[in-house]
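Chemist: The sequence shown begins at 61 in the working numbering and counts up by one.
Positions of the beta carbon are idealized from the N, C-alpha and C atoms, including for glycine.
Bear in mind the structure is a predicted one, so any value in this text is a computation, not a measurement.
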Amino acid sequence: MNKKYPWKVGDLVSWAKINLTPKTPESAVIIRINSDDVSETADILVNGKIISVHIDDLNIPPVKKTKTNFGIKR
61 MNKKYPWKVG DLVSWAKINL TPKTPESAVI IRINSDDVSE TADILVNGKI
111 ISVHIDDLNI PPVKKTKTNF GIKR
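Structure representation (structure tokens):
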């Protein structure tokens, strides 16, 4: 799903620790993307800590719909 997603620095992502059960996703921010011939990793900021993860472990966070009172005039 996310192999084709164009991640960039500053994106908000959803990430879950692999070894925890149940897997509770946490919000994180991409601060650096490292790519080489073998794999692509990203440094993310989670709860004040910088963690290096594989780019395939990142997910697009769910979007919350917000109701507003603004109308569009044409």
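With 16 as the cutoff for other CB atoms within 10 Å, does residue 88 come out buried or exposed?
Modeler: For this step, residue 88 is matched to residue 28 along the sequence shown. Under this definition residue 88 is a buried residue.
Chemist: Tell me whether the beta-carbon of residue 107 lies closer than 7 Å to the beta-carbon of residue 74.
Modeler: If you number the sequence shown from 1, residue 107 lands on position 47. If you number the sequence shown from 1, residue 74 lands on position 14. Their beta carbons are not under 7 Å apart, which means residue 107 does not touch residue 74 by this criterion.
Chemist: Under the DSSP definition of a beta bridge, which residues are partnered with residue 112?
Modeler: Here the question's residue 112 lines up with position 52 in the sequence shown. 103, per the DSSP bridge assignment.
Chemist: Considering just the uninterrupted stretch of the beta strand (DSSP E) at residue 88, what are its terminal residues?
Modeler: Numbered from 1 along the sequence shown, position 28 holds the residue referred to as residue 88. In this chain, the beta strand (DSSP E) harbouring residue 88 covers 86–95.
Chemist: Within the same chain, show all residues whose beta-carbon is closer than 8 Å to that of residue 110, passing over the 5 residues directly before and after it, in chain order.
Modeler: By 1-based counting over the sequence shown, the position of residue 110 is 50. Here the set comprises 91, 103 and 104.
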